[in-house]
Amino acid sequence: MSIDAFPQHLVILGGGSAGWMAASYLDRVFNRPDRRRLRITLIESPNIGRIGVGEATIPTLLRFAQFLGIDEATLMKRTHATFKHGVRFIDWNGPDSDYFHPFEALDTTRNFNPAPSWLARSAAGVAGPFDMESGIQRQVAIANRAPKRMMDPDYQGSLPYAYHLDAEEFGDLLADIARSRGVSHVSGRVSEVEHSDCGNVKSLVLDDGRQIEGDLFIDCSGFASVLLGKAMEVPFESFSEHLLCDRAVAIPKPYADGEVARPYTTAKAMDFGWAWRIGLQHREGTGYVYSSKFIEPADAERALREWVGVAEDVPARHLAMRVGMPAETWRGNVIGIGLAGGFIEPLESTGLQLVELALEQLVRYFPLSGINPAARSRFNHVMRTRYLELRDFIVAHYCLTKRSDTPFWQAVTDPAHIPPSVASKLALWNDRHPSDDDNEYTKMLFGHFNWAAVYYGMGGATTDAMRNAAAWCPNPGAHLAELAATANHLIAVLPDHALWLEGLKTIPAKEWAA
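For what it's worth, our numbering labels the leading residue of the sequence shown as 1, then goes sequentially.
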């Protein structure tokens, strides 16, 4: 089928953030008001709840929303969004340890790697924390400043930023947009999947007898993986050997009087995993990601309530997590996106980003003239490397710890749980700083700055690396005066985060672009 032979029927199974992101994005790519080349139908069961606990994002979401034609005020109002500068990690290297993984890429640090300077200053015993000498976003975040002024254009600020948002409301916003642009929304539960003679999915039969035929199917049915896992029988590859957390409990927390949202995600190491605090406009999202090998769900819930101070009458939601990915994210004419395409714990807020990446790759390798096996194979390769890279990055947060106070923290540092791709990096950095050349993954999710933020935040600097940096770094710390001046200036001119959110109430929302 050629590009001129559209419309071609794309069927998406499952709503929520992933399903409606797929519907709205692919409609925006292929269709225009005066020419609809791709017919899109989304099937959503009214009886299947959304998981939707992930509320933190990374800056790529701004580009996604802008592409869809959503103005920033509408996005933030509809999703109760607040700003996010990055993630603050507390107690990961022991009691009272604290480091920040920021989003920034300032002019003062963009054109050089700050690690050698910091290592050289560490060798001389004069260095501060890495996150204080490599940038300024930690200072701005801890000062509770918004990343932009009220008059700044949509999706532009003084620092790169993302959002904390209500995932269910985000899905509802995208559903409104997609339906208004012509995406068909079918309410029903799939009771049977019919295959063609060649083994592809031919149609989905709903429990009321309706039959939905399609040419291409996207599985957004979550962990159930109704199409990719069950109908197409794609085996699941677990990452549980390397990532031990397999459960989560989430509790929404009302704000106390005078309490305001922080412009960063808090990730606190707990006895048997880690807990998050994410401030929205109207409440706080909290949760505990843990390993069921070491703690029972009731005890995990109790520990979370004690940490965040939430009352017993606020209901908790318990979730089982299937950590890993399918052996293929595209088999036949079925593509898995969202939880059906893989899942890794949300420590770095990458859930929605992985959906974005899958959609971008699907557009790149879209079957414009029938399914090209080479394109499908390339899609699978790209998505596999993304998940493996993310797995490695999350493993590094655990295996670098010096904690050994519980069986969980003893287990995560066991070499048996560390992938060779992570162990080789750590061995390489014993006498040098991280570099993008060290990464075996192409089109990286995480560059040297990201790895350095975690590696040095967790105390990974070695004496040999410090000594070697000191031997050739000509003027360590030369950039620090400029960093301090920039930080002080931004803290002075950027508005308080809570005041910015108050000002948001006065900005009228707009209709999204057609």
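Backbone N, C-alpha and C fix where the C-beta goes; we use that ideal spot for every residue, glycine too.
All figures in this text were calculated on a predicted structure; none of them were measured in a lab.
Item	Value
Starting from the Cα of residue 501, find the closest Cα among 383, 148, 314, 229 and give me that residue.	148
Relative to the C-alpha of residue 288, which residue among 227, 481, 346, 31 is closest?	346
For residue 6, I'd like the list of residues in its chain whose CB is within less than 7 Å of its CB, leaving aside the five on either flank, ordered along the chain.	The predicted model places residue 6 with a pLDDT of 43, which falls under 50 and marks its position as unreliable; any figure quoted below should be read in that light. If we look at residue 6 and ignore the five residues flanking it on each side, its Cβ neighbours are 37, 38.
Determine the burial state of residue 109: buried for a count of at least 16 other Cβ atoms within 10 Å of its Cβ, exposed for fewer.	Because the pLDDT at residue 109 is just 47, under 50, the model does not fix this residue reliably, and the value given afterwards should be weighed accordingly. With 16 or more Cβ atoms within 10 Å of its Cβ, residue 109 is classed as buried.
Between the Cα of residue 524 and the Cα atoms of 223, 130, 67, 77, which residue gives the shortest distance?	Outside the displayed span of the chain (1 to 514) sits residue 524, for which this structure offers no information.
Would you identify the three-state DSSP class for residue 455, choosing helix, strand or coil?	helix
Relative to the alpha-carbon of residue 434, which residue among 181, 32, 56, 112 has its alpha-carbon at the smallest distance?	112
Starting from the N-terminal side, write out each stretch of the beta strand (DSSP E) that is 3 residues or longer and does not extend beyond the segment 156-196.	162-164, 184-187, 190-195
Quick check: what's the CA-CA separation for residue 122 versus residue 391?	30 Å
According to DSSP, is residue 141 helix, strand or coil?	helix
Would the segment 283-302 count as touching the segment 223-231 if we require 3 or more Cβ pairs under 8 Å?	no
Please look up how many angstroms separate the CB atoms of residue 66 and residue 163, rounded, as I've assumed it's under 8 Å.	So it is not a contact: roughly 13 Å between Cβ atoms.
Please state whether the Cβ-Cβ distance between residue 418 and residue 395 is less than 8 Å.	yes
Tell me which same chain residues have a C-beta within less than 8 Å of the C-beta of residue 462, skipping the five on either side of it?	429, 430, 431
Looking only at C-alpha atoms, which of 120, 420, 157 sits nearest to residue 59?	157
Can you look up residue 84 in the DSSP assignment and give me helix, strand or coil?	strand
For residue 468, which residues in the same chain have their Cβ closer than 7 Å to its Cβ, ignoring the five residues on either side in sequence?	431, 432
Measuring only the C-alpha atoms, how far is residue 318 from residue 457?	31 Å
Please report the distance separating the alpha-carbon of residue 83 from that of residue 240.	32 Å
By Cβ distance below 6 Å, which residues in the same chain neighbour residue 159 in space, the five residues on each side in sequence not counted?	104, 137, 147
Based on Cα-Cα distance, which residue from 483, 474, 453, 308 lies nearest to residue 98?	453
Taking 8 Å as the threshold (C-beta atoms), are residue 315 and residue 247 in contact?	no
What does residue 9 pair with, by DSSP beta-bridge criteria?	39
Taking the beta strand (DSSP E) that residue 101 falls in, what are its first and last residues?	98-102
I think residue 186 touches residue 42, with their Cβ atoms under 8 Å apart; what is that distance to the nearest whole Å?	7 Å
Rounded to a whole number of angstroms, what is the C-alpha to C-alpha distance between residue 393 and residue 209?	46 Å
Using the Cβ count rule (16 or more neighbours within 10 Å means buried), how would you classify residue 177?	buried
Per DSSP, which one or two residues make a beta bridge with residue 266?	88, 277
DSSP state of residue 394, grouped into three classes?	helix
Would you check if there are 3 or more beta carbon pairs closer than 8 Å linking the segment 371-381 to the segment 340-356?	no
I need the boundaries of the alpha helix (DSSP H) containing residue 420, first residue and last residue.	420-428
Cα separation between residue 74 and residue 397?	35 Å
Please determine if the segment 79-95 and the segment 400-420 are in contact, where contact requires at least 3 C-beta pairs separated by less than 8 Å.	yes
Looking at the unbroken beta strand (DSSP E) that takes in residue 503, where does it start and where does it end?	Element bounds for residue 503: not the beta strand (DSSP E) but the alpha helix (DSSP H), 497-504.
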